[in-house]
Amino acid sequence: MGKEFKSKNLEAERRRRGRLNGNIFALRAVVPKITKMSKEATLSDAIEHIKNLQNEVLELQRQLGDSPGEAWEKQGSASCSESFVPTENAHYQGQVELISLGSSKYNLKIFWTKRAGLFTKVLEALCSYKVQVLSLNTISFYGYAESFFTIEVKGEQDVVMVELRSLLSSIVEVPSI
């Protein structure tokens, strides 16, 4: 007869407490420094940890903002779809970087203002020096492009690389108006 008068909310309350306890245990697993095992202490430690992380983020953003030659101005909200646009007064020259990977392989990084036919000229220059392109990745954004090549050089590497770098620099350089 005692079971007939059982509260109808008793099972729902037990499930709710079980979910709360499970979430508290999960929070304890994530927060690196827990002072006491009580629920209140766990929550206060989690809040303190979040504040520390937010201060760390602000400090890192401040350090990035203080870096010399900042090329991009961040606009918009703090979401995954943030847009990065070049600053109004920024003027970019083309850049060419060559990094040796060993015997005859190099990483080639080229940054330029997008102009019609420029990428084709870069590829023709690579072909004219008998450079084999092993891999290529290109990123394009707001009128600028950056390409990353992995290349292999045949023949006199030092001479070829100096000449190739100067040729590519002259190709991607922004003409003065």
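Here the sequence shown is numbered in full-length UniProt numbering, starting from 1 and rising by one per residue. Ideal placement from N, C-alpha and C gives every residue a C-beta, glycine not left out.
Report task. Output the boundary residues of the alpha helix (DSSP H) element that contains Thr120. Result -> Translated into the one-based positions of the sequence shown, residue 120 becomes position 120. Unbroken alpha helix (DSSP H) run through Thr120: 118-128.
Query raised in the report: Taking DSSP as the reference, what is the three-state secondary structure of Asn9?
Result: The residue labelled residue 9 in the question sits at position 9 within the sequence shown. Coil at Asn9, not helix or strand.
Query - Close-in-space but distant-in-sequence residues of the same chain around Pro68 (CB under 8 angstroms, 5 per side omitted) - result: Taking the sequence shown and counting its residues from 1, the one referred to as residue 68 is at position 68. Here the model assigns Pro68 a pLDDT of 43, short of 50, so the residue's position is not dependable, and the following value carries that caveat. Closer than 8 angstroms at the Cβ level, and outside the excluded window around Pro68, lies no residue.
Query raised in the report: Just the Cα atoms here: how many angstroms apart are Glu59 and Gly65?
Result: Against the sequence shown, residue 59 aligns to sequence position 59. Against the sequence shown, residue 65 aligns to sequence position 65. Roughly 10 angstroms between the two C-alpha positions.
**Report entry** Opposing strand residues paired with Ala145 [DSSP bridges]
**Finding:** Position 145 of the sequence shown, counting from 1, holds the residue named residue 145. Its beta-bridge partners are Trp112, Ser140.
Report task. Return the chain-ordered list of same chain residues with a C-beta closer than 7 angstroms to the C-beta of Ala46, the five sequence neighbours on each side being excluded. Result -> Looking up residue 46 in the sequence shown gives position 46. Only Leu27, Val31 meet the Cβ criterion.
Requested in this report: Name, in chain order, the residues that DSSP records as bridge partners for Ser135.
Outcome: Indexing the sequence shown from 1 puts residue 135 at position 135. Paired residues: Thr150.
Query raised in the report: To the nearest angstrom, how far is it from the Cα of Lys121 to the Cα of Arg115?
Result: Along the sequence shown, read from residue 1 onward, the residue named residue 121 stands at position 121. Along the sequence shown, read from residue 1 onward, the residue named residue 115 stands at position 115. The straight-line gap from Cα to Cα measures roughly 11 angstroms.
Query raised in the report: Would Tyr142 pass as a contact of Thr113 if the rule is Cβ separation under 7 angstroms?
Result: Position 142 of the sequence shown, counting from 1, holds the residue named residue 142. Position 113 of the sequence shown, counting from 1, holds the residue named residue 113. Note that the C-beta distance between Tyr142 and Thr113 is not below 7 angstroms.
Query - C-alpha gap between Cys127 and Gln54, whole angstroms - result: Within the sequence shown, the letter at position 127 stands for residue 127. Within the sequence shown, the letter at position 54 stands for residue 54. Those two C-alpha atoms are separated by around 50 angstroms.
Query - Continuous alpha helix (DSSP H) assignments of at least 4 residues falling wholly in the UniProt domain "BHLH" (4-53) - result: Qualifying alpha helix (DSSP H) stretches, in chain order: 10-30.
Query raised in the report: When DSSP builds the beta bridges, which residues end up paired with Glu97?
Result: In the sequence shown, counting from the first residue as 1, residue 97 sits at position 97. Beta-bridge pairing links Glu97 to Lys109.
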